[in-house]
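2 protein chains.
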Amino acid sequence: MDTAHPSSERGASRQALLQAARELLVTRSYASVGIAEICEHAGVRKGSLYHFFPGKEALTQAMLEALYADFERDVLIPGLTGTGKLRDRIEAFVRAIHAFESRMQTDTGRLPGCPFGNLAVELGSHNPGMRRAIRRHLDAVTAHFRAALDTAVRDGELPPSTDTDAAAEQWLALMEGILVMAKADQDPDTILRLGPALGALLLNPTPEVRHEP
Amino acid sequence: MDTAHPSSERGASRQALLQAARELLVTRSYASVGIAEICEHAGVRKGSLYHFFPGKEALTQAMLEALYADFERDVLIPGLTGTGKLRDRIEAFVRAIHAFESRMQTDTGRLPGCPFGNLAVELGSHNPGMRRAIRRHLDAVTAHFRAALDTAVRDGELPPSTDTDAAAEQWLALMEGILVMAKADQDPDTILRLGPALGALLLNPTPEVRHEP
DNA sequence: TTTGCACTTTACCGACCGGTCAACTAATCT
DNA sequence: AGATTAGTTGACCGGTCGGTAAAGTGCAAA
Chain S
413 MDTAHPSSER
423 GASRQALLQA
433 ARELLVTRSY
443 ASVGIAEICE
453 HAGVRKGSLY
463 HFFPGKEALT
473 QAMLEALYAD
483 FERDVLIPGL
493 TGTGKLRDRI
503 EAFVRAIHAF
513 ESRMQTDTGR
523 LPGCPFGNLA
533 VELGSHNPGM
543 RRAIRRHLDA
553 VTAHFRAALD
563 TAVRDGELPP
573 STDTDAAAEQ
583 WLALMEGILV
593 MAKADQDPDT
603 ILRLGPALGA
613 LLLNPTPEVR
623 HEP
Chain A
413 MDTAHPSSER
423 GASRQALLQA
433 ARELLVTRSY
443 ASVGIAEICE
453 HAGVRKGSLY
463 HFFPGKEALT
473 QAMLEALYAD
483 FERDVLIPGL
493 TGTGKLRDRI
503 EAFVRAIHAF
513 ESRMQTDTGR
523 LPGCPFGNLA
533 VELGSHNPGM
543 RRAIRRHLDA
553 VTAHFRAALD
563 TAVRDGELPP
573 STDTDAAAEQ
583 WLALMEGILV
593 MAKADQDPDT
603 ILRLGPALGA
613 LLLNPTPEVR
623 HEP
């Protein structure tokens with residue numbers, strides 16, 4: 413009848429499941445979204461989900477993989493690569509995050525915060541498999557930050573003594589914290605209000621960021 | 413029989429429920445801990461829970477209230493009040509957080525992160541009542557940070573132009589972010605590694621922390 | 001044309017969810 | 001003594017959880 417699927421798209425159900433999982437899990441939480449709801453939202457029967465994925469956890473990990481790929485393509489690479497000053501790149505990055513969170517709040521009524529950080533917080537202390545998968549993505553983000561900082565060192569914007577590994581990690585931590593606060597406020601303005609702290613942390617002379625031996 | 417409760421303690425069940433809720437909710441997550449588990453852990457029947465609390469949400473809010481009171485008494489007041497330099501207070505604060513997270517990991521096998529931030533992340537975008545309750549506690553923490561910064565301004569450790577409101581908010585954001593990362597790592601060393609970023613953010617000359625007009 | 005495979009559908013599982021309820025016990029107050 | 005009250009108990013509610021199993025569908029290669 414109306415359910416015509418003339419081999420039109422291979423893996424259409426799989427894609428629909430990934431998209432539904434993304435929309436629901438990003439705006440809510442892992443435990444509060446059931447596979448029944450994901451299937452309903454995707455227009456797919458539950459059995460099909462278990463044809464494509466071993467279970468909820470694997471579906472979530474595949475969703476995170478695709479989500480990170482989009483984030484890298486749409487935000488990290490265009491925002492952090494290039495020839496501008498580090499200060500401008502940081503500001504562009506904050507604006508991109510603010511735009512994303514604002515649009516999500518307009519579209520779904522909820523400000524999601526960082527999808528990776530959210531799941532790290534919810535599952536980090538009692539689901540080692542998910543924790544490691546999320547940690548991989550956070551490391552990948554950190555690598556982009558470090559690359560931007562290394563470029564700034566090469567261009568003389570930061571002193572050569574800068575520990576870009578440590579600074580990139582601090583950048584991610586502060587960004588995660590900003591998104592936690594924005595989520596607690598449910599207000600994207602919090603991102604703009606706290607955004608300058610990134611510049612203060614990364615661009616100021618930091619004479620004594622000593623590592624523990 | 414063995415269930416002797418000779419009016420020994422008024423509200424003993426209530427306290428047991430609050431304690432069980434704290435131990436379980438702090439180390440896991442709101443949705444993954446059921447009231448049955450809380451009751452079992454407290455040695456109290458489910459009906460009694462609903463005698464003392466309207467439901468799971470109210471129990472959680474009461475638990476957070478008591479948790480914040482302990483946090484204020486044990487960490488905020490002893491760590492941030494006093495005559496020492498701001499740098500020393502910040503370091504003492506980081507060490508206190510590290511000690512708490514380390515002890516929790518030793519005792520329970522899990523590094524919990526910030527209980528308030530965790531719940532803000534899990535429930536912030538789809539439970540307005542809980543979100544507001546959590547936000548109150550985060551504001552209370554910020555007020556302690558601001559008081560410590562105001563003292564530093566008064567003592568000449570920070571320039572009089574310092575926007576201590578904004579700086580306190582940044583302090584909290586970075587602290588939350590550090591705890592997100594530590595939870596993602598499940599490693600308390602992350603707190604010590606990122607801790608110096610607090611000093612870099614709060615103690616350096618920040619000539620241009622401009623507010624949006 | 002037959003066979004195999006990718007995919008879909010539906011019914012079903014035991015366990016658990018947060019919450020309700022009425023009956024009961026034991027102190028307290030008049 | 002009688003009434004009131006706080007607290008306790010265990011059975012029970014409808015609904016949902018993640019996951020399973022088996023039968024069926026249509027297409028494509030042999």
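So the sequence lines, in the order shown, correspond to chains S and A.
Throughout, the working numbering is defined as the position within the first sequence, counted from one, plus 412.
Throughout, the working numbering is defined as the position within the second sequence, counted from one, plus 412.
Using N, Cα and C, we set each Cβ at its ideal position, and we do this for glycine too.
DSSP places L606 of chain S in the uninterrupted alpha helix (DSSP H) bounded by 601-606.
Of all residues in the stretch 584-596 of chain S, the ones placed with a Cβ closer than 8 Å to any Cβ belonging to chain A are L584, A585, L586, M587, E588, G589, I590, V592, M593, K595, A596, in chain order. DSSP, read as helix, strand or coil, puts E569 of chain S in coil. With respect to the 7 Å criterion, R507 of chain A and G611 of chain A are not classified as neighbours on the basis of their beta carbons. In this structure, L561 of chain S lies near A580 of chain S, with their beta-carbon atoms less than 7 Å apart.
Chain order gives no chain A residues near Q431 of chain S, where near means a beta carbon separation below 8 Å; the closest approach is about 19 Å. Not a single CB atom of chain A sits nearer than 7 Å to the CB of V438 of chain S. With 16 or more neighbouring CB atoms inside 10 Å of its own CB, K595 of chain S falls in the buried class. The C-alpha of A443 of chain A is placed about 21 Å away from the C-alpha of A545 of chain S.
For E477 of chain S, the closest Cβ of chain A is not nearer than 7 Å. Taking a beta-carbon distance threshold of 7 Å, V533 of chain S counts as an interface residue toward chain A. Taking one beta carbon from each stretch, the stretch 587-594 of chain A and the stretch 467-481 of chain A have fewer than 3 pairs nearer than 8 Å; the two do not touch. Between T563 of chain S and I489 of chain S, the alpha-carbon positions lie close to 14 Å from each other. In the three-state scheme derived from DSSP, where H, G and I count as helix and E and B as strand, N539 of chain A is classed as coil. Within the stretch 452-474 of chain S, no residue places its CB atom closer than 7 Å to a CB of chain A. In this structure, DSSP gives F465 of chain S a state outside helix and strand, which the three-state scheme calls coil.
In this chain, E484 of chain S is not harboured by any alpha helix (DSSP H), its DSSP state being neither H nor E.
In this structure, the alpha-carbon of P466 of chain A lies about 12 Å from that of K458 of chain A. The beta-carbon distance between A585 of chain A and L461 of chain S, rounded to whole angstroms, is 38 Å. This is too long to meet the 8 Å contact definition. With a cutoff of 7 Å on beta-carbon distance, A432 of chain A and A454 of chain A are scored as near each other.
Under the DSSP assignment, G589 of chain S falls in the alpha helix (DSSP H) whose first and last residues are 576-597. Rounded to whole angstroms, the Cβ separation of E513 of chain S and P600 of chain S is 5 Å, and the two are in contact under 8 Å. In the three-state reduction of the DSSP assignment, T439 of chain A falls in the helix class.
Proximity of L606 of chain A to chain S, defined by a Cβ-Cβ separation below 7 Å, is satisfied. Rounded to the nearest whole angstrom, the CA to CA distance from G494 of chain S to R547 of chain S is 26 Å. With at least 16 other beta carbons inside 10 angstroms of its own, P608 of chain A counts as buried. Contacts with chain A (Cβ-Cβ distance below 8 Å) from the stretch 510-536 of chain S involve R522, L523, P524, G525, G529, N530, A532, V533, E534, L535, G536, listed in chain order. An exposed status is given to H463 of chain A, since fewer than 16 other beta-carbon atoms sit within 10 Å of its beta-carbon.
Below the 9 Å Cβ cutoff, chain A contributes S441, Y442, A443, S444, E534 as neighbours of A443 of chain S, in chain order. Taken atom to atom, the span from the alpha-carbon of F505 of chain S to that of L606 of chain S is near 13 Å. DSSP, reduced to helix, strand and coil, places K497 of chain S outside both helices and strands of the structure shown, so it counts as coil. Residues of chain S whose Cβ lies closer than 9 Å to the Cβ of R543 of chain A are, in chain order, K595, A596, D597, Q598. Under the DSSP assignment, C451 of chain A falls in the alpha helix (DSSP H) whose first and last residues are 447-454.
Proximity to T520 of chain A across A:S441, A:E435, A:L613, A:F557 peaks at A:E435, based on C-alpha coordinates.
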